[in-house]
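Have a look at the structure below, then the notes.
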Amino acid sequence: MHAVRVGNGGAREAESFYKKGSKVTLFLSNPIPFLALAIFDLSTSSTSSAIQLLGSAFSLLSCICICICISSIRSTRKMDVRRRSIPASGDRVKTQKLINNDNLSTTVLPLYLTNALFFGVFFSVAYFLLHRWRDKIRTATPLHVVTPAETAAIVSLVASAIYLLGFFGVASRDELSDEETVLREDSRAPGPCPAALLDSPVSKKKLNQNSLPRSKSVELSNPPPLEAADVAAPAPAPISLSPEDEEVVEAVVSGSVPSYALESRLGECGRAAAIRREAVQRLTGRSLEGLPVQGFDYESILGQCCEMPIGFVQIPVGVAGPLLLDGKEYTVPMGTTEGCLVASTNRGCKAIYVSGGASSVLLRDGMTRAPVVRLPSAQRAAQLKFFLEDPLNYDSLAVVFNKSSRFARLQTIQCAIAGKNLYMRFRCSTGDAMGMNMVSKGVQNVLDFLQTDFPDMEVIGISGNFCSDKKAAAVNWIEGRGKSVVCEAVIKEEVVNKVLKTTVEALVELNMLKNLTGSAVAGALGGFNAHASNIVSAIYIATGQDPAQNVESSHCITMMEAVNDGKDLHVSVTMPSIEVGTVGGGTQLASQSACLNLLGVKGASKESPGANSRLLATIVAGSVLAGELSLMSAIAAGQLVKSHMKYNRSSRDISKIVA
């Protein structure tokens, strides 16, 4: 690089150097001397306008921008890509799409100063160029003829735009086909569960030798292998945070960085969960050892399933079946930690299967939402009630309601008055979705529409508990909510004796005294069954349903009756409010989606919207039928305590585990 003197004595030398060749070439090859000469040229010119001085400043700013961009790019290239290790056996683990943001903490200036600099440069340069181009248009000067100051301004504009696009996460991506995307993001090969391989000492040894390079941000240290008899379950490896992550943890603990904003600030959901987890441990003084954080796709739950995650809970999934229902066989996944539950349901499935299977009938399919509104008087509330229940007004209300979704179709509006308050229970079909959000949108449309004719109507709440959601309510037991299903089967006497180990007479008597009379004595509401909620909850957890809706979904009455001259047993379950969906919510997660796929109801039905969710509801009812049949038989035969002591108690030496 040439040494250039700028001053009174070196003016001619500077001018001769400045006029050689193309200005753009000189700038790219020797930017510092060129910028100095540009400033000298502008400062010694006869015209010393504010624009020329501004152009000189932009020349220096462009140099700073380029230096910072080069520094950021170099620091980014030195980073290791955060990926999970690949077991040596060939079973590869799915990697998350992560955004490397270490360059945000390795720039020349602090992040807030860098952002302020580039924001200022971008808008200032844009303002400068617009003024220069306006002057050129007025003087008929070609726009492609640029001065050194304009060249520097253009470079500054491009550099600041590139930085800002990168900072806000806007980057170019190669267009890949669906198959290429799957191959790139999910390289798992068929084989055993990777977690099982990671727990074996041999696999851990191979893993350390053949794993991919890890980022310094999150490093897992594998503890020495223990004997299988001494551990109740494999403990997750401790997490070591990088210095950069330690700073973020301290910021969260001090309150300068809100915990809920980690995902948006870091750009990595997995890294945010690990940092939040460490911050929680320091704030509470309680250890989270045993709660795994690695090995989960946190991007899949962002903005839809869970906020501020710090890990995930492991729930084993068992299968019962085959359940022979309506002429088809289903293997039913059940997520539970209760011993005997899957085994008992499986025995009921066997009894149904060898007896010829069960049959089901779908009675209703409609999700409900009931807003509460207040009017000036009870008379005025009654007028609104009559208006909503008038068949002549139904079509106009349905048109307004159905605008909320192509699947939402208004079915009925049921009203109830309490003083001058009116409760309006809307029921509509929701396709394959469970439908709470869908029906709420439609209700909001109708409420806005009613304000025209009833301007004195005050909306108190979009939900007035007349729906009724996640609460035991007689309205759901009587009117139904979601899917209303009846499932029945005839169990042969031989099967009752050999498989269920009891008699028809004993089952009929026990059902009358326990499920019917006993529940009535207890004042049960929809609980005229043995343990329907057990099966409903287990299937809901496995398939990504809302576990809280187990409350009304478990409303069930179990009936047993001797048929065929008292030889065989007719058993049925009536469930008026099964609330399930096969799209949306937790059904989109990988594990839950796999369980839905096992049942053949994954996603939305393309042939008949709503068919998959209706089929799932009948499978739930059929599984409840199997569970009821088996548990009632165990109680009738006096096997309940014995079976639970055998299958629902750990045989491990607890003293060794504690030691």
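Residue numbers for the sequence shown follow UniProt numbering, so the first one is 1 and each next one is one higher.
Note that CB positions come from ideal geometry on N, CA and C, so glycine has one too.
Please read all numbers here as calculations on a predicted model, not as lab measurements.
DSSP state of Arg-369, grouped into three classes?
Arg-369 falls in the strand class under three-state DSSP.
Return the CA-CA distance between Ala-358 and Gly-622, expressed in angstroms with no decimal places.
Just so you know, the alpha carbons of Ala-358 and Gly-622 end up roughly 7 angstroms apart.
For Ile-310, which residues of its own chain have a beta-carbon under 8 angstroms away from its beta-carbon, when the five flanking residues on both sides are left out?
If we look at Ile-310 and ignore the five residues flanking it on each side, its Cβ neighbours are Ala-273, Arg-276, Arg-277, Val-280, Leu-288, Leu-291, Val-293.
Exposed or buried, what is Phe-34 when buried is set at 16 or more other beta-carbons lying within 10 Å of its beta-carbon?
No answer about Phe-34 holds up, because its pLDDT of 45 lies below 50 and its placement is not dependable.
In whole angstroms, give me the CA-to-CA distance for residue 718 and Asp-453.
There is simply no residue 718 to check, as the chain begins at 1 and stops at 659 in what is shown.
Beta strand (DSSP E) segment containing Ala-489, residue limits:
Boundaries of the beta strand (DSSP E) harbouring Ala-489: 482-491, taken from the DSSP string.
Close Cβ partners of Asn-511 (< 8 angstroms) along its chain, the five nearest in sequence each way excluded:
Scanning its chain for C-beta atoms nearer than 8 angstroms, with the 5 sequence neighbours on each side dropped, one finds around Asn-511 the residues Thr-558, Met-559, Met-560, Met-632, in chain order.
In terms of residues, what are the limits of the alpha helix (DSSP H) holding Ile-619?
Per DSSP, the unbroken alpha helix (DSSP H) holding Ile-619 starts and ends at 611-636.
In chain order, which alpha helix (DSSP H) runs of at least 4 residues are fully inside the segment 228-293?
Restricting attention to alpha helix (DSSP H) runs no shorter than 4 residues, the segment 228-293 encloses them at 243-254, 262-266, 269-284, ordered along the chain.
So does the segment 409-423 actually touch the segment 339-356, counting three or more Cβ pairs closer than 8 angstroms?
Touching, no, given that fewer than three Cβ pairs across the two stretches are closer than 8 angstroms.
Residues sharing a beta bridge with Pro-316, DSSP:
The partner list for Pro-316 (beta bridge, DSSP) is empty, contrary to what the question assumes.
Buried or exposed for Phe-376, please, with buried defined as at least 16 other CB atoms from any protein chain shown within 10 angstroms of its CB.
Per the sequence presented here, residue 376 reads as Pro, with Phe not at that position. Residue environment analysis places Pro-376 among the exposed positions, since fewer than 16 neighbouring C-beta atoms fall within 10 angstroms of its C-beta.
CB of Leu-422 within 8 angstroms of CB of Lys-385, strictly:
Here Leu-422 is near Lys-385, since their CB atoms are less than 8 angstroms apart.
Figure out for me which residue from Gly-464, Asn-465, Gly-544, Val-571 has the closest Cα to the Cα of Glu-505.
The residue with the shortest Cα to Cα distance from Glu-505 is Val-571.
In three-state terms, what does DSSP make of Gln-304?
Coil, per DSSP.
What does the alpha-carbon distance come out to for the pair Val-354 and Thr-502?
Going by the C-alpha atoms only, they are around 16 angstroms apart.
Helix, strand or coil for Gln-444? Go by DSSP, reduced to three states.
Of the three classes helix, strand and coil, the one that applies to Gln-444 here is helix, per DSSP.
Have a look at Val-573 and Val-486 and give me their C-alpha separation to the nearest angstrom.
Using only the alpha carbons, I get a separation of about 6 angstroms.
Go to Arg-347, then tell me how far its beta strand (DSSP E) extends in each direction, as first and last residue.
Per DSSP, Arg-347 is not a residue of any beta strand (DSSP E); the alpha helix (DSSP H) it occupies stretches across 341-354.
Would you report the Cα separation of Ser-254 and Ala-548, rounded to the nearest angstrom?
Approximately 35 angstroms, taken between the alpha carbons.
I want to know whether the segment 124-133 touches the segment 149-157 - three or more CB-CB distances under 8 angstroms.
The segment 149-157 and the segment 124-133 touch, with three or more beta-carbon pairs separated by less than 8 angstroms.
Measuring straight from C-alpha to C-alpha, what distance separates Leu-525 and Glu-488?
Spanning the alpha carbons of Leu-525 and Glu-488 requires a straight line of approximately 22 angstroms.
In the structure shown, what three-state DSSP assignment does Gln-411 receive?
Taken through DSSP and simplified to helix, strand or coil, Gln-411 comes out as strand.
Let me confirm a value: Gln-304 is counted as buried when at least 16 other C-beta atoms fall within 10 Å, else exposed. Which label applies?
Exposed.
According to DSSP, simplified to helix, strand and coil, what is Cys-467?
DSSP places Cys-467 outside both helix and strand once states are collapsed to three, so it counts as coil.
Applying the criterion that 16 or more other CB atoms from any shown protein chain within 10 Å of the CB defines a buried residue, is Pro-87 buried or exposed?
With a pLDDT of only 40 at Pro-87, under the threshold of 50, the placement of this residue in the model should not be trusted; the figure read from the coordinates follows. With 16 or more neighbouring CB atoms inside 10 Å of its own CB, Pro-87 falls in the buried class.
Going by the CB atoms, is the gap between Ser-344 and Ser-554 shorter than 8 angstroms?
Going by beta carbons, Ser-554 and Ser-344 fall outside the 8 angstroms limit.
Terminal residues of the continuous alpha helix (DSSP H) containing Asp-456?
For Asp-456, no alpha helix (DSSP H) run applies, since DSSP gives it neither H nor E.
Asp-326 (DSSP reduced to helix, strand or coil)
The answer is coil: DSSP assigns Asp-326 none of H, G, I, E or B.
To the nearest angstrom, how far is it from the Cα of Asp-245 to the Cα of Met-308?
Spanning the two alpha carbons is a distance of roughly 17 angstroms.
Can Val-373 and Glu-268 be called in contact, C-beta distance under 8 angstroms?
Contact check for Val-373 against Glu-268 fails: the beta carbons are separated by 8 angstroms or more.
Whether Ala-542 touches Val-342 by CB criterion (8 angstroms)
No, they are not a contact pair.
Below 8 angstroms on the Cβ atoms is my contact criterion, and I expect Gly-544 with Gly-586 to pass it. Report the Cβ-Cβ distance as a whole number of Å.
About 3 angstroms separates the two Cβ atoms, so the contact holds.
Could you check the C-alpha separation between Phe-449 and Asp-546 for me, to the nearest Å?
In this structure, the straight-line span from the alpha carbon of Phe-449 to that of Asp-546 is close to 31 angstroms.
Please determine if the segment 331-342 and the segment 390-397 are in contact, where contact requires at least 3 C-beta pairs separated by less than 8 angstroms.
No: fewer than three Cβ pairs fall under 8 angstroms.
For Thr-558, report the span of its beta strand (DSSP E) as first-last.
First-last of the beta strand (DSSP E) with Thr-558: 556-563.
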